[in-house]
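Before any comments, here is the structure.
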Amino acid sequence: MIKLLIVDDEKNTRDALRDGLQKPEERILFTAENARDALKVLNEEDIDVVITDLKIPDSDGVKLLRDIKKHDSTIVVIVMTAYATVDTAVEAMKLGAYDYIQKPFRMQDIRRLVSRALETRLLLVENTKLRQQLGSKYLSKNIVGFSPLFREVLQTVEKVAPSRAAVMLLGESGTGKEVIARALHEMSGRRDKPFVKINCGALPDTLLESELFGYEKGAFTNAVKQKRGRFELAHGGTIFLDEIADMPTQLQVKLLRVLQDGEFERLGSEETLKVDVRVIAATNKDIDAEIAHGRFREDLYYRLNVIKLKLPPLRQRQDDVLALAQHFLEKYALLNAKSIKGIAPDAAKLLEGHGWRGNVRELENVIERAAVLCSGEIIQKDHLPDYITGQESSKVISFRVGTTLEEIEEVMISRTLEATGGNKEETARLLGIGVATLYRKLKDNHEA
226 MIKLLIVDDE KNTRDALRDG LQKPEERILF TAENARDALK VLNEEDIDVV ITDLKIPDSD
286 GVKLLRDIKK HDSTIVVIVM TAYATVDTAV EAMKLGAYDY IQKPFRMQDI RRLVSRALET
346 RLLLVENTKL RQQLGSKYLS KNIVGFSPLF REVLQTVEKV APSRAAVMLL GESGTGKEVI
406 ARALHEMSGR RDKPFVKINC GALPDTLLES ELFGYEKGAF TNAVKQKRGR FELAHGGTIF
466 LDEIADMPTQ LQVKLLRVLQ DGEFERLGSE ETLKVDVRVI AATNKDIDAE IAHGRFREDL
526 YYRLNVIKLK LPPLRQRQDD VLALAQHFLE KYALLNAKSI KGIAPDAAKL LEGHGWRGNV
586 RELENVIERA AVLCSGEIIQ KDHLPDYITG QESSKVISFR VGTTLEEIEE VMISRTLEAT
646 GGNKEETARL LGIGVATLYR KLKDNHEA
């Protein structure tokens, strides 16, 4: 049952609103002539929408608005005023008022406003329940999901996290492999030790070796001082080797030795170093095909594959889409100092129906963009990118004569990244370049 509260010191206004907004068997209307009576009703009834005047005898609408939001932040408040000014309207909206309407108003306008407010109230209540549900589903602050497939992954994570066994994470790009790797570390006895990550596909072969194992001063040109590698830095903790299938075969031999014996040498050194490191590896490639084609050592695979976890793509986790969207919304609303509470039903429907080729990473990018564009409390359809709303007019990009190749390249990379939802592997494939090349070009563009 929908419950509305009308707060106004004028009886004629209260009666007119009660009669105009009453719908038999659908709404219960309460009235109050002052703040004290209004708060009494709020304490006794589960009110959905409050319509209050800005001028009330024992208080004012702005103070009452604060009290209402303190009582229940999901109650939607509409402010009425005969003294409408930009300042009072802005103050009320900043404090969380849904909207304001100036007296005298037409009954059809207030009816329309209340109908929209009720939709918002329903959404806010659903999102609050969702947040409460999610609270019990977190293995760490960044893990969200309660779909059957993802629950199986989380159950395995809980079981294997305390061990020191190597873990191989398989799954498409953007499915959350790094998040799961961090959870494995945080739930282990190594949680107070370093968690070190490296993307094996983002670095040239020679640089990758020096990053993993370190080097001595003078080991190669520009090696002006000794540098410890990622394995040394991860001693006692966990190292996460992302895109392990992109590691060159000569480095795979050195990695196998670390896994078997826990030892290696820095570049340019004959001193053998011992490390205690748990290895978690990940790839989005078909590892069996990589082995069959001789690009990945089978013995290394068996060393890494003590525990295998396959992460489902987001299209197989439809039950988690809105949960993840809400999680990211809270994150980016906080980062952008905004009071965004939820996602409008039509926008939520579009999110649920999208294919998410870029998986969780694409969803996060979409929500971050929406949070930046949103100026109210609710993410609307218009805040979503055109390729999701179906309003993308053309995929043809035009350049004027005289545009430099460097400028064209930067635009093409940017647009392709946008089209793939930030999926760098898919972007590299569509552009016909290697992932390492893409990372280098992105770095060059960023530094330009």
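Reminder that position 172 of the sequence shown reads as 397 in the working numbering, one-by-one numbering, no gaps. Think of the CB as a built atom: it goes at the ideal place given N, C-alpha and C, for glycine as much as any other residue. Small disclaimer: the values here were computed from a predicted structure and weren't measured.
query = Three-state secondary structure (DSSP) at Q247?
reply = On the sequence shown, residue 247 is found 22 positions in, with the first residue counted as 1. The answer is coil: DSSP assigns Q247 none of H, G, I, E or B.
Within 9 Å, strictly: CB atoms of R346 and I281 = In the sequence shown, counting from the first residue as 1, residue 346 sits at position 121. In the sequence shown, counting from the first residue as 1, residue 281 sits at position 56. Cβ distance not < 9 Å, so R346 and I281 don't count as in contact.
query = Helix, strand or coil: how does DSSP classify S619 here?
reply = Within the sequence shown, the letter at position 394 stands for residue 619. For S619, the pLDDT reaches just 44, beneath the cut-off of 50, and the residue's location in the model is therefore unreliable, although a value from the coordinates is still provided. Here S619 sits in coil by DSSP.
Alpha carbon of A260 to alpha carbon of D297, nearest angstrom = Here residue 260 refers to the residue found at position 35 of the sequence shown. Here residue 297 refers to the residue found at position 72 of the sequence shown. Whole-angstrom Cα-Cα distance: 16 Å.
message = Less than 6 Å between C-beta atoms, sequence neighbours within five positions excluded: which residues of the same chain meet that for M637?
response = Position 412 of the sequence shown, counted from the start, is the residue given in the question as residue 637. No residues qualify anywhere along the chain.
key: S284 versus E602: straight-line alpha-carbon distance, rounded   = As a working mapping, residue 284 is identified with position 59 in the sequence shown. As a working mapping, residue 602 is identified with position 377 in the sequence shown. Answer to the nearest angstrom: the Cα atoms are 26 Å apart.
ask   = From I231, S372, V287, pick the residue whose C-alpha is nearest to that of Q543; which is it?
value = For this step, residue 543 is matched to residue 318 along the sequence shown. Among I231, S372, V287, the Cα nearest to that of Q543 belongs to S372.
query = Taking buried to mean at least 16 other C-beta atoms within 10 Å of its own C-beta, is I423 buried or exposed?
reply = Residue 423 sits at position 198 when you count from the first residue of the sequence shown. With 16 or more Cβ atoms within 10 Å of its Cβ, I423 is classed as buried.
ask   = Relative to the alpha-carbon of M393, which residue among I464, S340, V350, Q333 has its alpha-carbon at the smallest distance?
value = Numbered from 1 along the sequence shown, position 168 holds the residue referred to as residue 393. Among I464, S340, V350, Q333, the Cα nearest to that of M393 belongs to I464.
request  = Identify, in the order they occur along the chain, each residue of the same chain with its Cβ nearer than 8 Å to the Cβ of D606, setting aside the five sequence neighbours on each side.
outcome  = For this step, residue 606 is matched to residue 381 along the sequence shown. It should be pointed out that residue 606 corresponds to Lys in this sequence rather than to Asp. Excluding positions up to five away in sequence, the list reads A569, D571, A572, L575, T614.
request  = For R665, I'd like the list of residues in its chain whose CB is within less than 8 Å of its CB, leaving aside the five on either flank, ordered along the chain.
outcome  = Here residue 665 refers to the residue found at position 440 of the sequence shown. Excluding residues within five positions, none has a Cβ falling inside 8 Å.
inquiry  = Does V585 pass the burial test, meaning 16 or more other C-beta atoms within 10 Å, or should it be called exposed?
reply    = If you number the sequence shown from 1, residue 585 lands on position 360. Buried: at least 16 other Cβ atoms inside 10 Å.
ask   = Quick one: Cα of R453 to Cα of F438, how far?
value = Residue mapping note: residue 453 aligns to position 228 of the sequence shown, counting from 1. Residue mapping note: residue 438 aligns to position 213 of the sequence shown, counting from 1. Each residue's Cα considered, the two are about 7 Å apart.
request  = Would you mind giving the Cβ-Cβ distance between E593 and Y557, rounded to the nearest angstrom? I have them listed as a contact below 8 Å.
outcome  = Here residue 593 refers to the residue found at position 368 when the sequence shown is read from its first residue. Here residue 557 refers to the residue found at position 332 when the sequence shown is read from its first residue. Indeed they touch by this definition, with Cβ atoms about 5 Å apart.
query = Which full runs of the beta strand (DSSP E) of 3+ residues lie inside the region 528 to 566, going along the chain?
reply = 532 to 535
ask   = For N590, is the classification buried or exposed, using 16 other Cβ atoms within 10 angstroms of its Cβ as the cut-off for buried?
value = Working through the sequence shown from its first residue, we reach residue 590 at position 365. So N590 ends up on the buried side.
task = Give the straight-line distance between the Cα atoms of L663 and M472, rounded to the nearest whole angstrom.
result = One-based indexing of the sequence shown puts residue 663 at position 438. One-based indexing of the sequence shown puts residue 472 at position 247. Using only the alpha carbons, I get a separation of about 16 Å.
message = From the DSSP secondary-structure annotation, give me the bridge partner or partners of K422.
response = Reading the sequence shown from its first residue, position 197 is the one you call residue 422. The partner list for K422 (beta bridge, DSSP) reads F465.
ask   = CA-CA distance, K362 and N648?
value = For this step, residue 362 is matched to residue 137 along the sequence shown. For this step, residue 648 is matched to residue 423 along the sequence shown. With a pLDDT of 44 at K362, under the threshold of 50, the predicted position of this residue should be treated as unreliable, and no value is reported.
ask   = Roughly how far, in whole angstroms, is the beta-carbon of I565 from the beta-carbon of L395, given that I think they are within contact range, below 8 Å?
value = Position 340 of the sequence shown, counted from the start, is the residue given in the question as residue 565. Position 170 of the sequence shown, counted from the start, is the residue given in the question as residue 395. Contact between I565 and L395 fails: their C-beta atoms lie close to 35 Å from each other, not under 8 Å.
inquiry  = Nearest by alpha-carbon distance to L539: which of A595, A263, K402 is it?
reply    = Within the sequence shown, numbered from 1, the residue matching residue 539 stands at position 314. The candidate whose alpha carbon is nearest that of L539 is K402.
inquiry  = Using CA atoms only, rank isn't needed, just tell me which of T431, M412, D486, A322 is closest to V502.
reply    = Taking the sequence shown and counting its residues from 1, the one referred to as residue 502 is at position 277. Minimum Cα distance to V502 is reached at D486.
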